[in-house]
Amino acid sequence: MLNRLLITGAAGGLGKMARNRLGHLAQTLRLSDIGEMAPAGSNEEIVTCDLGDRDAVMKLVEGCDGIVHFGGVSTEQAFDPILNANIAGVYNLYEAARAAGMPRILFASSNHTIGFYTQDQHLTVDMPTRPDSLYGVSKCFGEALASMYFDKFGQETAIVRIGSCFPEPKDHRMLATWMSEDDFVALIERVFTIPRLGCPVIWGKSANDRSWWDNSASEFLGWRPKDNAEIFAPAMDERMERPDRNAPEARFQGGKFCAEPIYKD
Ligand code: NAI
Ligand code: 15L
7 MLNRLLITGA
17 AGGLGKMARN
27 RLGHLAQTLR
37 LSDIGEMAPA
47 GSNEEIVTCD
57 LGDRDAVMKL
67 VEGCDGIVHF
77 GGVSTEQAFD
87 PILNANIAGV
97 YNLYEAARAA
107 GMPRILFASS
117 NHTIGFYTQD
127 QHLTVDMPTR
137 PDSLYGVSKC
147 FGEALASMYF
157 DKFGQETAIV
167 RIGSCFPEPK
177 DHRMLATWMS
187 EDDFVALIER
197 VFTIPRLGCP
207 VIWGKSANDR
217 SWWDNSASEF
227 LGWRPKDNAE
237 IFAPAMDERM
247 ERPDRNAPEA
257 RFQGGKFCAE
267 PIYKD
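Take 7 as the starting number for the sequence shown in my numbering and just add one per residue.
Right, here's the structure in full:
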């Protein structure tokens with residue numbers, strides 16, 4: 007059991023889910039976000055913190071022996087917020103971790119690091135990235151930073167390229183990219199209990215029939231996702247039209263992120 011597990015992005019969708027479901031991993035959960043969080047329960051600490059604030063992040067990480075890093079910009083936006091949260095913020099987090107004895111980190115990367123691969127391509131984790139947005143580029147930065155801190159200092163990170171982690175897939179593309187919350191919780195448990203982690207890149211997806219991603223390089227984790235988005239397919243076909251085959255949602259793995267403009271504020 008960990009002493010103190012830090013969850014950043016605790017006011018967000020995955021952060022709230024993790025807050026509800028990861029209490030058994032640590033004596034104390036330290037929950038942090040720039041946004042509002044529900045008051046601390048027993049065995050919880052609440053720390054409001056902008057990831058771009060280096061001194062605040064140093065204090066935030068002190069005393070933690072595990073980090074689930076969900077905090078940051080999670081969609082395509084203008085460059086400045088991405089720079090603050092996903093580039094400066096990730097650097098701040100890794101420097102703070104280095105000063106705090108290198109607690110193991112789960113870094114929430116994204117499928118948007120590879121979004122411009124087409125949906126007929128099957129990917130392994132050693133293929134070059136093809137980011138589909140400034141957001142995707144920032145996640146490539148985070149992955150590269152994690153890799154460098156491992157090679158230089160031995161800092162362990164699970165780089166999880168999350169597909170789509172929501173209670174249910176929301177559209178036809180997510181029948182390939184979906185990861186159930188149960189499968190994600192099981193992965194996080196493995197990441198913080200396996201004796202030696204290293205710095206693997208892991209596709210964050212359930213055992214979906216339509217998946218494009220090959221996780222054989224991280225089988226050593228012993229994580230075997232159990233859910234399959236296919237069970238949602240019949241209802242989805244009734245609820246919504248399949249996208250036109252030339253639409254980005256049907257062509258590219260990153261879907262509509264591939265068609266996003268460069269936002270100026
Ligand atoms: P979210 O947008 O709901 O949560 C992100 C949280 O980070 C928010 O509560 C926000 O207030 C906080 N945040 C933003 N800027 C910050 C800053 N400067 N300082 C401190 N906190 C800041 O996103 P969600 O869905 O919970 O995702 C969590 C992480 O997982 C994100 O890093 C996202 O990029 C990644 N991810 C999520 C996927 C999903 O399917 N939910 C898919 C791929 C990646
Ligand atoms: C992501 O990276 C986003 O954070 C999430 O909101 C979804 O859009 C997800 O990717 C996706 O591709 O479905």
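We put the beta carbon where it would ideally sit given N, CA and C, even for glycine. All of these numbers come straight from a predicted model, not from anything done at the bench.
(Q) Just to confirm my understanding: we take Val191, look at its own chain, exclude 5 residues before and 5 after, and list those with CB closer than 6 Å. What are they? (A) Closer than 6 Å at Cβ, skipping near neighbours: Arg27.
Q) Is there at least one non-hydrogen atom of the ligand SAH closer than 6 Å to the beta-carbon of Asp39? A) Absent from the structure shown: the ligand SAH. Ligands present: the ligand NAI and the ligand 15L.
Q. Going by beta carbon distance, what residues of the same chain come within less than 6 Å of Met273, once the five residues before and after it are set aside?
A. Nothing in the structure corresponds to residue 273, since the chain is present only between 7 and 271.
Q. Taking Cβ positions, are Asn117 and Thr34 nearer each other than 7 Å?
A. no
Q) Nearest to Val96 by CA position, among Tyr155, Arg248, Lys176, Leu31, is which residue? A) Tyr155
Q) Taking 6 Å as the cut-off, is the CB of Ser170 close to at least one heavy atom of the ligand 15L? A) Ser170: yes, Cβ under 6 Å from the ligand 15L.
Q | Burial state of Gln127, where buried means 16 or more other Cβ atoms lie within 10 Å | A | exposed
Q) Hey, how far is the Cα of Gly77 from the Cα of Ser186? A) The alpha-carbon of Gly77 is positioned some 20 Å away from that of Ser186.
Q | Assigned secondary structure, Ser153 (DSSP; H/G/I helix, E/B strand, else coil) | A | helix
Q) Around the Cβ of Thr14, are there at least 16 other Cβ atoms within 10 angstroms (buried) or fewer (exposed)? A) Buried: at least 16 other Cβ atoms inside 10 Å.
Q: Please report how far the alpha carbon of Ala16 lies from the alpha carbon of Asp220, in whole angstroms.
A: Looking at the two C-alpha atoms, the distance is approximately 29 Å.
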